[in-house]
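Colleague: Residue numbers (my numbering): 25 to 272.
Below you will find the structure I want to go over with you.
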Amino acid sequence: MPRWSRSEVELLEPVLEAMEVALGPLAGRDVVVLCSAHGDLAVRLAARVGVGGSVLGLERSDRLVEVARAKAAAATTAATVAFDTCPVDRLPLPDGSVDVIVSDSIVDPTPLPTDIGQPEMARVLRPGGVMVVTDILGPATMSHGVRDVLAAIGVGYWCDSDENDFRSWMLEAGLVDTGVVDLTWVVRRVWQERAALQGSYLGGGFEVFLGSGPFSLGRGFRYVLASGHRPPAKIVPRPVAGARVIPT
25 MPRWSRSEVE LLEPVLEAME VALGPLAGRD VVVLCSAHGD LAVRLAARVG
75 VGGSVLGLER SDRLVEVARA KAAAATTAAT VAFDTCPVDR LPLPDGSVDV
125 IVSDSIVDPT PLPTDIGQPE MARVLRPGGV MVVTDILGPA TMSHGVRDVL
175 AAIGVGYWCD SDENDFRSWM LEAGLVDTGV VDLTWVVRRV WQERAALQGS
225 YLGGGFEVFL GSGPFSLGRG FRYVLASGHR PPAKIVPRPV AGARVIPT
């Protein structure tokens, strides 16, 4: 996906607001931002984490890690903010080591997405932790011609799945209170503005993406936010010395 301009990111603000609502309170928590790209989301969340918490951005691109580190160094935040590289298929973190994991493919997409799925993300969550993922969903089958015209306008990445797939993946990863929010309406207006600025609404990739055909935004493609929680740890009562068990 293309990197958005400053004005386009402002139009995408409802995506970030929906993400923050899904994440809930972050004060003092340990947060991981997967595919942290230029570091904007990690620095933004650090302002909410504050004293006693931490934010770790993970990215496959060494260049983007350096960009993000410079951005964090220039920011004023009480939280510890760090960035590091990440393998393509796993998180370099112990089991149950963080409170929050978030991955944003909408507002600040990375040029090098990972193959890390919900089970691996859920693995590092502590009991009661939350996962939030934004992604672009698209068709699994498409002709090379359609792919080419979409790629020409910057639509080159999407997840071959739908909302039901995301719900199933979250549940299979052992998460509860799962949900999927459709944010296509937010992103559509950004694409419409981009097409208008280029004077290319009719014709080529913009016509395919913003029209009413099977591969259009809102039919073939959707932008969604999926979330879920790792169940809280079960509290097992400790036996009290000398206590008498009353049979039921």
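C-beta: ideal position from N, C-alpha, C; glycine also.
1. Helix, strand or coil for Asp184, going by three-state DSSP, please let me know.
2. For Ser60 versus Ala51, is the C-beta distance shorter than 8 Å?
3. So who's on the other strand from Ile160, going by DSSP bridges?
4. Could you check the C-alpha separation between Gly252 and Gln222 for me, to the nearest Å?
5. At which residues does the alpha helix (DSSP H) containing Gly81 begin and terminate?
6. Decide yes or no for the touch test of the segment 154-161 against the segment 127-135: beta carbon pairs closer than 8 Å, at least 3 of them.
7. Quick one: is Asp86 buried, meaning 16 or more other Cβ sit within 10 Å of its Cβ, or exposed?
8. Return the CA-CA distance between Ala103 and Gly76, expressed in angstroms with no decimal places.
9. Among Ala176, Val55, Pro238, whose alpha-carbon lies nearest the alpha-carbon of Val148?
10. Between Arg53 and Leu69, what straight-line distance do the alpha-carbon atoms span, to the nearest angstrom?
11. Between the C-alpha atoms of Val232 and Val210, what's the straight-line distance to the nearest angstrom?
12. Go ahead and label Val200 buried or exposed: buried means 16 or more other beta carbons lie within 10 angstroms of its beta carbon, across all protein chains shown.
13. Would you decide whether Glu34 is buried or exposed? Buried here means 16 or more other CB atoms lie within 10 Å of its CB.
14. Whose CA, out of Pro163, Val45, Thr109, Ala96, lies closest to the CA of Asp189?
15. From which residue to which residue does the alpha helix (DSSP H) around Gly203 run?
Modeller: Answer, in terms of the structure:
1. Within the sequence shown, residue 184 is the residue found at index 160, counting from 1. The answer is strand: DSSP assigns Asp184 an E or B state.
2. For the purposes of this step, residue 60 is identified with residue 36 of the sequence shown, where counting begins at 1. For the purposes of this step, residue 51 is identified with residue 27 of the sequence shown, where counting begins at 1. No, they are not a contact pair.
3. The sequence position of residue 160 within the sequence shown is 136, counting from 1. For Ile160, which the question treats as bridged, DSSP gives the partners Tyr247.
4. Taking the sequence shown and counting its residues from 1, the one referred to as residue 252 is at position 228. Taking the sequence shown and counting its residues from 1, the one referred to as residue 222 is at position 198. In a straight line, the C-alpha of Gly252 is about 39 Å away from that of Gln222.
5. For the purposes of this step, residue 81 is taken as residue 57 along the sequence shown, with counting starting at 1. First-last for Gly81: 78-83, but that is the beta strand (DSSP E), not the alpha helix (DSSP H).
6. yes
7. Locating residue 86 in the sequence shown gives position 62, where the first residue counts as 1. Around the Cβ of Asp86, a 10 Å sphere holds fewer than 16 other Cβ atoms; the residue is exposed.
8. Looking up residue 103 in the sequence shown gives position 79. Looking up residue 76 in the sequence shown gives position 52. Approximately 7 Å between the Cα atoms of the pair.
9. Translated into the one-based positions of the sequence shown, residue 148 becomes position 124. It is Val55 whose Cα lies nearest to the Cα of Val148.
10. For the purposes of this step, residue 53 is identified with residue 29 of the sequence shown, where counting begins at 1. For the purposes of this step, residue 69 is identified with residue 45 of the sequence shown, where counting begins at 1. Spanning the two alpha carbons is a distance of roughly 10 Å.
11. Here the question's residue 232 lines up with position 208 in the sequence shown. Here the question's residue 210 lines up with position 186 in the sequence shown. Distance between the alpha carbons of Val232 and Val210 is about 18 Å.
12. For the purposes of this step, residue 200 is identified with residue 176 of the sequence shown, where counting begins at 1. With fewer than 16 other Cβ atoms within 10 Å, it is exposed.
13. Your numbering for residue 34 matches position 10 in the sequence shown. Exposed: under 16 other Cβ atoms inside 10 Å.
14. One-based indexing of the sequence shown puts residue 189 at position 165. Taking only the C-alpha atoms, the option nearest Asp189 is Pro163.
15. In the sequence shown, the residue the question calls residue 203 occupies position 179. Note, Gly203: premise wrong, no alpha helix (DSSP H); beta strand (DSSP E) at 200-206.
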